[in-house]
Amino acid sequence: MRRAGLVISLVALIGLVAAAPPPEFGRRGMVAADHRLASEAGALILEAGGNAADAAIAAALASGVVQPAGSGLGGGGFAVLVTPDGEQAVLDFREVAPAAATQSMFVDATAEDASRIGGLAVGVPGEPSGLVALHERWGSLPLRTIVRPAIQLAQGFAVGAHLASGLSLLGEVGPGLSLALFGQAAVPSRGERVRRIRLGRTLSAFSRSRGRDLTHGSIAADIADAVQDSGGVLTVADLSAYTPVEREPVVGTYRGWSVITMPPPSSGGVVLLQALSVLEGFELPSLGHGSADLFHLYAETFQHAFADRARYMGDPDRIDVPVDELLSVDRVSEIRRQIIPGRTFDRDHYGTAIDIGRDAGTLHISVLDGEGMAVALTTTINTGFGSQVVAPRSGVLMNNQMDDFVARPGVPNAYGLVGSAANAVAPGARPLSSMSPTVLISPDGARRIVVGASGGPFIITSTLQVIVNIIDFGFDPAEAVSAPRMHHQWAPEKLFIDAGVSPDTERALRGRGHEIYRMPFFSSVQVVVSEDGAGVTGASDPRKGGWPAGW
Ligand code: GLY
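Note that my numbering has the sequence shown beginning at 5, numbered continuously upward.
Structure, rendered in structure tokens:
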């Protein structure tokens with residue numbers, strides 16, 4: 005049975021590897037975003053002499069124009085950087101709860117979806133100050149040069165497949181949102197040319213004022229008014245007070261590679277490193293890529309890691325997140341001991357939260373430049389089209405990041421995640437994230453992998469599988485992001501598989517007690533790999549239709 009499964013899985017894999025296009029190649033650098041126009045905006049900046057930080061900013065701003073479902077100046081994010089001289093750094097520009105937020109604001113709210121749609125869902129955006137801070141600290145070209153490609157895109161671009169599909173799912177909200185974003189009530193279809201005139205002006209003001217107009221000036225007033233008119237509590241004072249934070253990365257190793265990743269308030273880096281440490285105790289290629297054995301091992305590992313996430317993680321400026329303990333040899337060994345090859349268990353076996361999707365609202369950009377600077381930047385407005393609140397004069401679409409807190413105790417958020425008081429709403433607090441921008445350095449120091457994803461909690465498990473595909477299975481970047489993936493986040497008790505997973509693997513997983521859910525849409529991983537002094541290769545995930553751009 006297992007042999008037959010392996011054969012079928014291998015056939016599926018060979019088919020898939022044959023179907024994956026070759027990875028893009030760059031002699032001196034590469035930008036992999038989840039939209040070709042955003043990758044090209046970043047590559048243009050590399051070509052103009054910019055470094056990886058400049059290119060990541062350009063790609064993020066361009067993404068905010070052409071992928072408004074997923075990011076923009078109304079959101080926030082994280083960047084993990086490794087500089088040519090070996091500095092390892094993290095910039096946290098995650099949204100925070102407004103000063104008037106309260107722990108019971110969503111319990112008291114009349115609308116059940118108040119943490120997802122409308123003004124109350126809006127966290128104080130960190131993107132404007134964050135991108136400026138990234139530029140001030142690590143950028144090299146003038147900001148106006150870096151913003152220019154996004155301003156040009158705002159004058160007109162063809163709607164991509166991912167945006168068209170997101171817009172088509174909006175139902176009766178579609179025309180109003182189209183009017184606010186594109187100045188036309190007719191919901192545009194794929195390939196149709198649209199313009200974002202107001203956003204273009206906002207980007208010019210962002211460039212001229214180095215973000216200040218969005219935090220202290222007339223655009224800040226436009227944003228605060230729009231949020232308050234939609235029932236929210238965000239004020240200009242909240243926008244002015246927002247400060248990005250430079251943090252120490254979480255650093256570990258996997259099979260000799262250094263892993264430099266995101267600390268809390270993301271759960272991403274810690275869950276990723278804990279799971280990688282558990283998996284390091286197993287010889288993965290012998291299980292077979294895409295096999296039930298491998299997916300079961302992943303599922304058991306992830307359930308422990310996500311149970312720890314729910315129990316212990318939140319804003320490190322408010323609670324003590326026991327990062328060292330979660331990554332300790334003792335905790336990793338304990339998880340390994342509890343993994344049984346033949347079966348899965350009930351939820352409580354993995355842990356209990358004390359008190360108790362479809363991806364669209366996030367995107368990831370991986371960049372490597374010719375000097376070896378690596379930037380992994382993930383940015384988000386949370387779920388697709390965020391809170392659906394658009395500031396009318398400036399065209400900025402606002403996030404719904406408040407839903408990443410435990411808005412109502414015991415009630416899962418938009419991604420089905422449960423949590424504890426560790427992630428409660430509090431004024432000025434940062435909601436727990438899953439974003440996992442990560443840079444890996446090879447044992448000899450010569451190669452780098454820059455990786456990350458969009459997709460809520462799928463971010464962590466998908467990023468991990470792409471890392472394993474490259475390091476353990478020797479896949480090139482295109483094969484690594486194209487290969488079928490699985491996901492498990494402990495609660496709900498479901499093992500998610502994507503479209504390419506073989507029916508045989510699915511059957512064998514059911515036989516071990518897993519409830520299987522086949523997801524029509526998974527996550528989107530972008531990866532760039534340096535090739536030992538011989539240029540860089542990279543890939544954007546075909547699931548979202550992205551394409552990298554080399555230089
Ligand atoms: N809003 C998605 C995340 O931060 O995980």
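The beta carbon of each residue, even a glycine, is placed where N, CA and C say it ideally should be.
It should be emphasised that the depicted structure is a prediction, and the values quoted were computed from it without experimental measurement.
Going by DSSP, what residue range makes up the beta strand (DSSP E) through residue i?
{"i": "Ile445", "result": "Thr442 to Ile445"}
{"i": "Asp96", "result": "Gln92 to Phe97"}
{"i": "Gln530", "result": "Ser528 to Ser534"}
{"i": "Val100", "result": "From DSSP, Val100 is part of no beta strand (DSSP E); its letter is neither H nor E."}
{"i": "Leu85", "result": "Gly80 to Val86"}
{"i": "Trp555", "result": "No beta strand (DSSP E) holds Trp555; DSSP gives it neither H nor E."}
{"i": "Gly74", "result": "No beta strand (DSSP E) contains Gly74, which DSSP labels as neither H nor E."}
{"i": "Ser541", "result": "The displayed chain sequence assigns Thr, not Ser, to residue 541. Segment Val540 to Ser544, the beta strand (DSSP E) holding Thr541."}
{"i": "Arg522", "result": "Ile520 to Arg522"}
Am I right that residue i and residue j are in contact with their C-beta atoms under 8 Å? What's the rounded C-beta distance?
{"i": "Asp226", "j": "Pro396", "result": "7 Å"}
{"i": "Leu381", "j": "Gln493", "result": "In fact, because the Cβ distance is near 23 Å, the residues do not count as touching under 8 Å."}
{"i": "Leu401", "j": "Gly164", "result": "Leu401 to Gly164, Cβ: 16 Å. No contact."}
{"i": "Ala37", "j": "Trp555", "result": "At roughly 14 Å, the Cβ-Cβ gap does not stay under 8 Å, so Ala37 and Trp555 are not in contact."}
{"i": "Ser440", "j": "Ala457", "result": "7 Å"}
{"i": "Val505", "j": "Pro488", "result": "5 Å"}
{"i": "Leu138", "j": "Ile223", "result": "That belief does not hold up - the Cβ atoms of Leu138 and Ile223 are roughly 20 Å apart, past 8 Å."}
{"i": "Val126", "j": "Asn403", "result": "6 Å"}
{"i": "Ala482", "j": "Ala543", "result": "4 Å"}
{"i": "Val454", "j": "Val371", "result": "7 Å"}
Return yes when at least one heavy atom of the ligand GLY lies under 6 Å from the C-beta of residue i, else no.
{"i": "Asn386", "result": "yes"}
{"i": "Ser556", "result": "Since the first and last residues shown for the chain are 5 and 555, residue 556 lies out of range."}
{"i": "Asp352", "result": "no"}
{"i": "Asp96", "result": "no"}
{"i": "Thr366", "result": "yes"}
{"i": "Ser438", "result": "yes"}
{"i": "Asp408", "result": "yes"}
With 16 as the cutoff for other CB atoms within 10 Å, does residue i come out buried or exposed?
{"i": "Val429", "result": "buried"}
{"i": "Ile231", "result": "Ile is not the amino acid found at residue 231; the sequence shown has Val there. Val231 is buried by the Cβ-count criterion."}
{"i": "Leu250", "result": "According to the sequence shown, residue 250 is Glu rather than Leu. When all chains shown are included, Glu250 counts as exposed."}
{"i": "Phe349", "result": "exposed"}
{"i": "Ile475", "result": "buried"}
{"i": "Ile385", "result": "buried"}
{"i": "Ala22", "result": "Note that Ala22 scores a pLDDT of 40, beneath 50, so its modelled location is shaky; the value from the coordinates is reported in the next line. Exposed: under 16 other Cβ atoms inside 10 Å."}
{"i": "Ala104", "result": "exposed"}
{"i": "Ser438", "result": "buried"}
{"i": "Glu252", "result": "exposed"}
{"i": "Gly285", "result": "exposed"}
{"i": "Ile358", "result": "Low confidence applies to Ile358: its pLDDT is 48, below 50, so where it sits in the model is not reliable, and the reading given next is rough at best. Exposed, since its Cβ has fewer than 16 Cβ neighbours within 10 Å."}
{"i": "Lys548", "result": "buried"}
{"i": "Pro524", "result": "exposed"}
{"i": "Pro27", "result": "buried"}
{"i": "Ala538", "result": "exposed"}
Provide the residue span of the alpha helix (DSSP H) that contains residue i, from first to last.
{"i": "Thr509", "result": "Pro507 to Gly515"}
{"i": "Val191", "result": "Neither: Val191 is in no alpha helix (DSSP H) and is coded neither H nor E."}
{"i": "Ser67", "result": "Ala56 to Val70"}
{"i": "Ala42", "result": "Arg40 to Glu51"}
For the ligand SAH, any of its heavy atoms closer than 6 Å to the Cβ of residue i?
{"i": "Arg335", "result": "No copy of the ligand SAH appears in this structure; the ligands present are the ligand GLY."}
Determine, using beta carbons only, whether residue i comes closer than 7 Å to chain C.
{"i": "Tyr521", "result": "Protein chain content of the structure displayed is limited to a single chain, and chain C is not contained in it."}
(request) Output the residue ranges of the alpha helix (DSSP H) runs that lie fully inside the region 280 to 353 and measure 4 residues or longer, sorted by chain position. (result) Within the region 280 to 353, the complete alpha helix (DSSP H) runs of at least 4 residues are 296 to 316, 327 to 330 and 333 to 342.
(message) Just to confirm the assignment: which complete alpha helix (DSSP H) runs, minimum length 4, are found wholly within the region 202 to 250?
(response) The qualifying runs are 216 to 219, 222 to 233 and 240 to 245.
(request) Starting from the N-terminal side, write out each stretch of the alpha helix (DSSP H) that is 4 residues or longer and does not extend beyond the region 113 to 185. (result) Entirely contained in the region 113 to 185, the alpha helix (DSSP H) runs reaching 4 residues are, in chain order, 131 to 142, 147 to 158 and 165 to 172.
(message) List, from N- to C-terminal side, the beta strand (DSSP E) runs of 3 residues or more that fit wholly inside the region 365 to 449.
(response) Runs of beta strand (DSSP E) with 3 or more residues, each lying fully within the region 365 to 449, are found at 366 to 372, 378 to 384 and 442 to 445, listed in chain order.
(request) Identify every run of the alpha helix (DSSP H) within the region 454 to 513, keeping only runs that are complete inside it and at least 4 residues long; order them along the chain. (result) If we require 4 residues or more, the alpha helix (DSSP H) runs fully inside the region 454 to 513 come out as 462 to 475 and 481 to 486.
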